[in-house]
Amino acid sequence: MKDIIARILSLSKLNLYRANEEATKQHLILPLLQSLGWDIFSPDEVVPEVNTGGRGRVDYALYIDSTPVAYIEAKSLGGDVLRDRNALVQLGHYCFVDGVGVGILTNGIQWVAISAFEVGKRIDDRTKIRIDLRVAKIDEIIEGLSWFSKDKIRDIPKIEGIIEVVNRRENLRKEEYSYTPSSEYRTIYVIGTKVDTPDAPTINELIHVDLRGRKPTSLYVKIGDKWWKIEIVGGENWRRPPKIAWSTILPAVVVFLLEHGYTPEDVRIPSKVDYLDRLTRSLAKVQVYNDFGAIMPSDGNATLRLLQEIKRKTEVDIAIEID
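Shown next, in the form of structure tokens:
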């Protein structure tokens, strides 16, 4: 196990894994699963790309005696899975719908495990394990990872509290880096589902279209070579549950990007996507990350202009299906 961890840490220094999810899965995640006793070549134990009842698919399902015991969602090293709350919400939804007890979110270096469902507990309270291979002592890492072995994985939901094998400094500053919703502002929760290239116009194709009277029905974001369908699944401080609309697309895209490794500075547009106290006062706004927010544009063409700026700054692509 020590040799596998050392090799994974060595490989993780290569830029290849920052944006390449497939390489991350093949070179970082699967070898570790194998060292934990899983037969990664057996369809009776490790199955890739599994469709779920939650209208999406997970990167891997782990089986024991023909029963799925855990779903794994993989990310490239460009994202910080210890902070990716939206990804955990999505994973928890897939697990709950399919009756799978454990959800695992990982980029090969960071590992987070959740219990699929516990009465009266939100996703943060159901987080059972947080591990970062780069910053903890090797013996603590091995002990923490042992919970993902075939012998112990089904006991993860029984863990009282949380097992954290992370940098002490990260723990001390956890509150600073966590997304803490404010009662003063609206917030928005999104999930992304990997899809094939969508049959929807990109923002470059829509920018000169008169969108008056037209409504958006679906939203897609492309990071690297992967397209994601973005859905709004909830939020705080709304009179009615938020949904895809011209006013919510900008904050939804920003939240999705922040949860996938981009920083506030990457997406910052002065007075539009900015610190909350600097946003245009005449427009409604959504808190997207601690003291950072995004305005809610009043029409489609205004939304597209801001999305083009996001695209320019981040090199992602965005497509919107309209009625």
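Under numbering that gives the first Met the number 0, think of the first position of the sequence shown as 0, with each following residue one higher.
Note that beta-carbon positions come from the ideal geometry of N, C-alpha and C, so glycine has one too.
Excluding five sequence positions before and after G143, the CB atoms of its chain that fall closer than 7 angstroms to its own CB belong to I128, I130, I162, V164, given in chain order. Here G102 is not near G260, since their CB atoms are 8 angstroms or more apart. Annotated three-state conformation of S246 is helix, per DSSP. One thing to note: I187 has its Cβ no nearer than 8 angstroms to the Cβ of A115. Taking a cut-off of 8 angstroms for Cβ pairs, the region 242-250 and the region 209-218 touch, as three or more such pairs fall below it.
For the pair R211 and D298, the Cα-to-Cα distance works out to about 8 angstroms. Collapsing the DSSP output to three states places W37 in coil. Counting along the chain, the unbroken beta strand (DSSP E) around N50 starts and ends at 45-50. Residue ranges of uninterrupted beta strand (DSSP E) with 3 or more members, entirely inside the region 68-123 and ordered along the chain, are 101-105, 109-114.
Annotation: the region 128-171 contains the following complete segments of the beta strand (DSSP E) (minimum length 3 residues), in chain order: 162-164.
Going by DSSP, E264 is part of the alpha helix (DSSP H) stretching over 263-266. For the pair N50 and K74, the CB atoms are not nearer than the 8 angstroms cut-off. Contact holds between the region 92-101 and the region 58-70, because three or more Cβ pairs, one in each stretch, are under 8 angstroms apart.
Across the structure, I317 and V45 are spaced so that their CA atoms are roughly 33 angstroms apart.
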